[in-house]
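There are 2 protein chains.
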Amino acid sequence: MSEALNPSWIAVDWGTTHMRAYAMDVSGAVMGRAGGPGMSALAAGQMGSDFEASLLEAVAVWLDTARASDPMVVVMCGMVGSRQGWHEAGYLPVPQTLSGLGEALAQVPVRDARLAAFIVPGISQIDPYDVMRGEETQLAGYAAQMGSAGSTPGGRVCLPGTHAKWARVQAGAITHFSTAMTGELFDLLTEHSILAHSVADEVMDAEAFSDSVRAAFHDPACLTEALFSVRAEGLLTGQDGARARGRISGLLIGAELAGAKLTTGEEITLIGTPELCRAYSDALAAVGFSAQALDGEAMVLRGLSEVYAQLVRRNMVVA
Amino acid sequence: MSEALNPSWIAVDWGTTHMRAYAMDVSGAVMGRAGGPGMSALAAGQMGSDFEASLLEAVAVWLDTARASDPMVVVMCGMVGSRQGWHEAGYLPVPQTLSGLGEALAQVPVRDARLAAFIVPGISQIDPYDVMRGEETQLAGYAAQMGSAGSTPGGRVCLPGTHAKWARVQAGAITHFSTAMTGELFDLLTEHSILAHSVADEVMDAEAFSDSVRAAFHDPACLTEALFSVRAEGLLTGQDGARARGRISGLLIGAELAGAKLTTGEEITLIGTPELCRAYSDALAAVGFSAQALDGEAMVLRGLSEVYAQLVRRNMVVA
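Those protein sequence lines, which keep their order, are chains B and E. Just so we're on the same page, the working numbering is the position in the first sequence counted from 1, plus 99. Just so we're on the same page, the working numbering is the position in the second sequence counted from 1, plus 99.
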């Protein structure tokens, strides 16, 4: 249970596996944190599929001053807005101005009148088909941060993860994006494939990683053959689980970088956890690219703060 | 239980998921068939990990005339010869003459003196690391069939499956090979990934298949992005499970064909089940290559027959 606070509003990043709630003060600083189950546990019917009860359980102590006449604003992003989530928030098509998300929020019907809950929509693309949900808020945070530093947000942004997103940002708008299944494939291969016998639990050989990034980046067609070769090397030379883990990760990320069709000298912005950003920075460095890393949680909060500010400006809520 | 027969010898194709035994007459024709559990069930300890008991249960009725002084010859290939199998049969390195497998058989220690059991070794490669076990026998069958038709076996041979093998054969020897994890990735993606929600059970859209083969063949770096796009298309346009299944299969096979680095005009020989050979023939045709298909079971039996003939010639057994 989180401590009693009187936040100005509540920011919520509600993904597939976790819900993270933040008590925000009037300046946009984090006063407190709480967490709960992700969408998949709730959508699967645990806790009666009751997203509202799950949220209230996490943030009840932050609602001391909230009442029906002055409800607590909750701004959420992520899979909570999917069809299997709490309330469907739809998709905005590309090109999409990242500062405009606050104008397309879905208001969530609630039973507890102390809440005024909103969900940020996802972004969709038709050619080729693609969708994002959650990353658009991180991209809005990135655009806001660039803008307040006096730059026009632009360039290639990579958000590594289970489904890694690569977005082209031009003049503050997302114009095109793609999704590589790198993280999900890594999990499937290391946990459920024949390669599961070959990999170490946690340790990863850095040289095997870099070598494999280069191999797959320069010849992505070799990907699945090179993956099987990891197994064969284990059989023929004895296991080195850290080397196997480094190779599988490096091959998948190297193929992802090849798919991103980077231009020589292009600067890449990474948004994610420090660990993932470090792995992707190392991978990019192995093939001659440099990257700046931004913390994923900070970008979510910045993006949700932008959306909240838009709600206030539009007089939809009282700050 | 199989019917009582007096075969000349017994051929066994013992893979990961199935054991297939054949009662062979003196001319090399199949007199009868029997089956049993594959290596993985036995290696996992079911039936007491007793490969010999499992074989005897399947072929007992074929052993009426076998005795310790004149045992029944059983020639086996496949994962039964792996470290987790009945008896390890080792690997022969490339380049390896396909007519020479019979000289490197592992004789299996047996409790039942009515049996004289042998396992064909696998083939290994160091640069890059790769292994095959089972396919070498099909390749030996292919080489024997080519030889008896007056041709020198040569060219590219593809053996599609869970782990698809691509072998270069020159003057009757396997000189190089690679393994694409196409079948295993297809199963992982359609059963355990986010794409599992999108695919139909059995039906496959032929046009989506061919289009996707071409897309991945010409740009294999797009593979994992194109896979996620299947999911996104389902979300945005409504499901068409047959189209999704065709796209996933086509993308994986197209990327495999790109990895095979085919030369324009190259003739490919396919060895496998009729269904897999048809899918690969269609895929090759979609990118401008033609293929001849050989039945996988026929090639195993032809290869095992060659090995048996070598045993007889070497007087290791009496025909």
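Think of the CB as a built atom: it goes at the ideal place given N, C-alpha and C, for glycine as much as any other residue.
In chain E, what lies closer than 7 Å to residue 281(B) by C-beta? By one-based count along the first sequence, residue 281(B) stands at place 182. Chain order gives the chain E residues near residue 281(B) as 323, where near means a beta carbon separation below 7 Å.
Span of the beta strand (DSSP E) around residue 394(E): Within the second sequence, the letter at position 295 stands for residue 394(E). Looking at the DSSP string, the run of the beta strand (DSSP E) that includes residue 394(E) is 390 to 394.
Counting only beta-carbon separations shorter than 9 Å, does residue 358(B) have a partner in chain E? As a working mapping, residue 358(B) is identified with position 259 in the first sequence. Residue 358(B) counts as touching chain E.
Mind checking who residue 309(E) pairs with in its DSSP beta bridge? The residue given as residue 309(E) occupies position 210 in the second sequence. Beta-bridge annotation (DSSP): residue 309(E) is not paired with any residue.
Show which residues of chain E have a CB atom less than 8 Å away from the CB atom of residue 375(B). Position 276 of the first sequence, counting from 1, holds the residue named residue 375(B). Per Cβ cutoff of 8 Å: no residues; residue 375(B) is ~16 Å from chain E at best.
Please report the straight-line C-alpha distance between residue 108(B) and residue 328(B), rounded to a whole angstrom. In the first sequence, the residue the question calls residue 108(B) occupies position 9. In the first sequence, the residue the question calls residue 328(B) occupies position 229. Rounded to whole angstroms, residue 108(B) to residue 328(B) spans 53 Å at the Cα level.
If residue 412(E) and residue 243(E) are in contact, beta carbons under 8 Å, what's the gap, nearest whole angstrom? Here the question's residue 412(E) lines up with position 313 in the second sequence. Here the question's residue 243(E) lines up with position 144 in the second sequence. About 14 Å separates the beta carbon of residue 412(E) from that of residue 243(E), a gap too long to meet the 8 Å contact definition.
Which of the three DSSP states, helix, strand or coil, is assigned to residue 224(E)? For this step, residue 224(E) is matched to residue 125 along the second sequence. When secondary structure is reduced to three states using DSSP, residue 224(E) falls in the strand class.
Find the nearest neighbour of residue 308(B) within the set 150(B), 326(B), 291(B) and 295(B), judged by alpha-carbon distance. On the first sequence, position 209 is the one that residue 308(B) refers to. Nearest C-alpha to residue 308(B): 326(B).
Using the Cβ count rule (16 or more neighbours within 10 Å means buried), how would you classify residue 195(E)? Translated into positions along the second sequence, residue 195(E) becomes position 96. By the 16-neighbour rule on beta-carbons within 10 angstroms, residue 195(E) is buried.
Length-filtered (4 minimum) alpha helix (DSSP H) runs lying within the stretch 191 to 257 of chain B: Secondary structure within the stretch 191 to 257 of chain B: the alpha helix (DSSP H) runs of 4 or more consecutive residues, fully enclosed, are 234 to 247 (chain order).
Relative to the alpha-carbon of residue 305(E), which residue among 343(E), 202(E) and 116(E) has its alpha-carbon at the smallest distance? On the second sequence, position 206 is the one that residue 305(E) refers to. Closest by alpha carbon: 343(E).
Taking 9 Å as the CB-CB cut-off, is residue 119(B) touching chain E? By 1-based counting over the first sequence, the position of residue 119(B) is 20. With 9 Å as the cut-off, residue 119(B) does not count as an interface residue toward chain E.
Start-end ranges of the beta strand (DSSP E) lying completely within the stretch 256 to 334 of chain B, minimum 3 residues: For the beta strand (DSSP E) assignment, the uninterrupted runs of no fewer than 3 residues enclosed by the stretch 256 to 334 of chain B are, from N- to C-terminal side, 263 to 269 and 272 to 279.
Check whether residue 218(B) and residue 204(B) have beta carbons under 9 Å apart: Here residue 218(B) refers to the residue found at position 119 of the first sequence. Here residue 204(B) refers to the residue found at position 105 of the first sequence. Pairing residue 218(B) with residue 204(B) gives a Cβ-Cβ distance under 9 Å.
Let me know the secondary structure DSSP gives residue 188(B) once reduced to three states. The residue given as residue 188(B) occupies position 89 in the first sequence. In this structure, residue 188(B) counts as coil in the three-state DSSP scheme.
Taking the DSSP output, what are the residues bridged to residue 174(E)? Here residue 174(E) refers to the residue found at position 75 of the second sequence. Residue pairing by DSSP puts residue 174(E) in a beta bridge opposite 110(E) and 217(E).
Assumed close pair residue 353(E), residue 382(E) - CB separation to whole angstroms, cut-off 8 Å: As a first step, residue 353(E) is located in the second sequence; it is residue number 254 there, counting from the start. As a first step, residue 382(E) is located in the second sequence; it is residue number 283 there, counting from the start. About 7 Å separates the two Cβ atoms, so the contact holds.
Interface partners of residue 331(B) on chain E, CB under 7 Å: Within the first sequence, residue 331(B) is the residue found at index 232, counting from 1. Those are 228, 229 and 230, listed as they occur along chain E.
Can you name the residues of chain E whose CB is closer than 8 Å to the CB of residue 285(B)? Residue 285(B) sits at position 186 when you count from the first residue of the first sequence. Here the premise fails: no neighbours, minimum Cβ distance about 11 Å.
Compute the beta-carbon to beta-carbon distance between residue 263(B) and residue 279(B), rounded to the nearest angstrom, for a pair I have assumed lies under 8 Å. Here residue 263(B) refers to the residue found at position 164 when the first sequence is read from its first residue. Here residue 279(B) refers to the residue found at position 180 when the first sequence is read from its first residue. The beta-carbon distance between residue 263(B) and residue 279(B), rounded to whole angstroms, is 5 Å. This is short enough to meet the 8 Å contact definition.
Would residue 138(E) and residue 179(E) be called neighbours here (beta carbons separated by less than 9 Å)? Along the second sequence, one-based indexing puts residue 138(E) at 39. Along the second sequence, one-based indexing puts residue 179(E) at 80. Residue 138(E) is a Cβ neighbour of residue 179(E), given a cutoff of 9 Å.
For residue 396(E), which option in 385(E), 104(E) and 121(E) has the closest C-alpha, if you only look at C-alpha atoms? By 1-based counting over the second sequence, the position of residue 396(E) is 297. Out of 385(E), 104(E) and 121(E), 121(E) has the C-alpha closest to the C-alpha of residue 396(E).
Whole-angstrom Cβ separation of residue 220(E) and residue 272(E), contact assumed at under 8 Å? Along the second sequence, read from residue 1 onward, the residue named residue 220(E) stands at position 121. Along the second sequence, read from residue 1 onward, the residue named residue 272(E) stands at position 173. A Cβ-Cβ separation of about 15 Å leaves residue 220(E) out of contact with residue 272(E) under the 8 Å criterion.
What are the partner residues of residue 367(E), as DSSP defines its beta bridges? Counting from one through the second sequence, the residue named residue 367(E) turns up at place 268. 255(E) and 390(E), per the DSSP bridge assignment.
Which of helix, strand or coil DSSP assigns to residue 129(B): Locating residue 129(B) in the first sequence gives position 30, where the first residue counts as 1. In the structure shown, residue 129(B) falls within a strand segment according to DSSP collapsed to helix, strand and coil.
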